[in-house]
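The letter at position 325 of the sequence shown is residue 324 when you use numbering that gives the first Met the number 0, and the numbering goes up by one with no holes. We put the CB at the ideal spot given by N, CA and C, even for glycine. Given the structure is predicted, the values throughout are model-derived calculations rather than measurements.
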Amino acid sequence: MSMILTIADLKDLARRRVPKMFFDYADSGGWTESTYRANEEDFQKIKFRQRVMVDMSNRSLESTMIGEKVAMPVALAPTGMTGMQHADGEMLAAQAAEEFGVPFTLSTMSICSIEDVASVTKKPFWFQLYVLRDKDFVLSLIDRAKAAKCSALVLTLDLQILGQRHKDIRNGLSAPPRFTPKHVWQVATRPGWCIGMAGTRRRTFRNIVGHAKGVGDLTSLSSWTTEQFDPHLSWKDVAWIKERWGGKLILKGILDKEDALMAAKTGADAIIVSNHGGRQLDGAPSSIEVLEEIADAVGDTIEVHMDGGIRSGQDVLKALCLGAKGTYIGRPFLYGLGALGKEGVTKALEIIRKEMDITLALCGKRLVTDMGKDQLRR
Ligand code: GLV
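What follows is the structure, given as structure tokens:
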């Protein structure tokens with residue numbers, strides 16, 4: 000554990016501990032993966048201004064996201080099938096986030112259910128909603144999130160159909176895994192993972208199974224989305240979702256300033272500048288590339304968050320400098336989870352915190368909330 004110094008170290012360990020089909024599910028993008036790569040690569044082009052001889056004592060990474068106090072402005076992103084990276088993955092990640100003081104966002108496509116996560120946490124978490132064709136079921140999901148005292152609803156706008164990720168097709172991804180020689184081999188070569196999975200009953204999409212009526216094959220993600228997700232979703236749907244929910248609403252998946260302006264008009268509390276981790280429209284720009292123009296376009300009409308490509312605390316700070324009030328990490332915490340369970344999620348957060356703190360100091364700032372465009376070389 001002591002030699003794990005970077006998110007890349009956690010990724011290497013996760014690769015050795017998680018069955019290939021689930022590791023690849025996290026580590027994949029749409030088609031050629033060019034947008035997935037650009038999300039990470041474009042951060043490297045941004046440079047900080049190094050400042051010296053400023054008092055750097057009493058530094059603080061504390062901030063707020065949608066009015067909630069956060070130990071650092073880094074939430075855990077909603078990620079599908081997290082409970083397949085490690086047994087009870089969503090419950091463990093939520094606990095790690097709670098202890099650390101950052102928001103945890105549970106995906107609709109999670110393995111552990113809203114109720115499972117609520118049963119092991121004390122503070123409110125956030126719930127990410129996919130709009131399915133069965134509206135009664137969507138309403139019931141919203142009501143379940145309310146009953147679990149979730150403090151924000153994150154509505155995903157960019158996945159009415161699933162982008163094609165070649166690795167998932169080649170791997171025959173399903174949850175739980177199928178019983179073919181290839182799948183048995185992938186699982187059998189990861190004994191720690193198997194022991195964890197044998198010890199839990201949470202092995203399928205528990206927000207859905209046993210709750211939604213007439214659901215067919217849930218195991219395959221692509222057939223699941225084709226069958227269940229509503230391709231008609233449009234801006235007018237935000238109103239009824241917002242009304243039924245009645246709490247803080249975050250709109251996820253904005254990559255264009257026209258859409259950002261539409262989102263701001265809905266009265267939502269925040270947008271997430273996001274290309275779904277490069278998993279949907281391959282060939283779209285990286286999130287960090289469009290962040291500044293979107294933040295400038297909406298001004299202070301709506302809070303701006305971003306995700307996509309963050310692999311270090313430095314990346315978080317760059318996003319804050321370019322106009323994000325908050326950020327999200329998906330793969331970094333999944334790698335931590337796959338590598339070391341709950342401890343690995345905490346480790347991912349610690350790595351990012353330390354990188355943020357040192358970078359902040361070397362940029363000559365004491366408060367993370369003071370990071371702005373003038374902190375970058377341009
Ligand atoms: C689901 O959100 C996915 O990107 O697979």
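A Cβ closer than 5 Å to some heavy atom of the ligand GLV marks a residue here, and those residues are Gly79 and Arg278. Taken in chain order, the complete alpha helix (DSSP H) segments of 4 or more residues contained in the stretch 111–149 are 113–119 and 134–146. By the neighbour-count criterion, in which 16 or more other beta carbons inside 10 Å mark a residue as buried, Gly308 falls on the buried side.
About 4 Å separates the beta carbon of Gly277 from that of Thr34, a gap short enough to meet the 8 Å contact definition. The Cβ atoms of Phe47 and Leu366 do not sit closer than 8 Å to each other. Note on geometry: alpha-carbon atoms of Val186 and Pro18 lie some 5 Å from one another.
Take Lys181, set aside five residues on each side of it, and the residues of its chain with a beta-carbon closer than 8 Å to its own are Gly171, in chain order. In this structure, Ala13 sits away from Tyr327, with a CB-CB distance that is not shorter than 8 Å. Within its own chain, the residues whose Cβ lies closer than 6 Å to the Cβ of Gly329, once the five positions on either side in sequence are excluded, are Ala76, Thr78 and Gly276, listed in chain order. Per DSSP, Met20 is one residue of the alpha helix (DSSP H) stretching across Lys19 to Ala25. Per DSSP, the unbroken beta strand (DSSP E) holding Gly252 starts and ends at Lys247 to Ile253. If you ignore the 5 residues before and after Leu158, its C-beta comes within less than 8 Å of the C-beta of Tyr129, Thr224, Phe228, Gly252, His275 and Gln279, all in its own chain and listed in chain order. Taken through DSSP and simplified to helix, strand or coil, Met90 comes out as helix. In the three-state DSSP reduction, Val69 falls in the strand class (E or B). For Thr179 and Gly363, the gap between their C-alpha atoms comes out near 57 Å.
Within the same chain, and ignoring the five residues on either side of Val297 in sequence, the residues whose Cβ sits closer than 7 Å to its Cβ are Ala259, Leu260, Ala263 and Val303. In summary, Arg189 is buried, with 16 or more beta-carbon neighbours lying within 10 Å of its beta-carbon over all protein chains present. Between the C-alpha atoms of Leu232 and Lys241 there is a straight-line separation of about 14 Å. The stretch 194–207 makes contact with the stretch 81–95; the number of CB pairs closer than 8 Å reaches 3 or more. In this structure, Ala37 keeps its C-beta atom at 8 Å or more from the C-beta atom of Ser273.
Proximity of the stretch 347–357 to the stretch 287–301 falls short of the contact definition, fewer than three beta-carbon pairs being nearer than 8 Å.
When the alpha-carbon of Ala211 is set against those of Ile110, Lys134, Val69 and Ser118, the nearest one is in Lys134. Rounded to the nearest whole angstrom, the CA to CA distance from Thr345 to Glu292 is 33 Å. Looking at the DSSP output, Ser233 sits in no beta bridge, so it has no partner there. Here Phe42 is not near Lys324, since their CB atoms are 8 Å or more apart.
Where His304 is concerned, there is no enclosing alpha helix (DSSP H), although the beta strand (DSSP E) around it starts and stops at Glu302 to Asp306. Considering only Ser311, Ala269 and Ser56, the residue with the shortest C-alpha distance to Ala360 is Ser56. If you draw a straight line from the Cα of Arg169 to the Cα of Gly371, it is about 44 Å long. For Phe332, the closest C-alpha among the options Leu60, Glu32 and Leu105 is that of Leu105.
Non-local C-beta neighbours of Leu91 in its own chain, meaning closer than 6 Å and more than five positions away in sequence, comprise Gly340 and Lys341, ordered along the chain. When C-alpha distances from Arg377 are compared across Cys320, Thr368, Asp54 and Asp369, the shortest belongs to Cys320.
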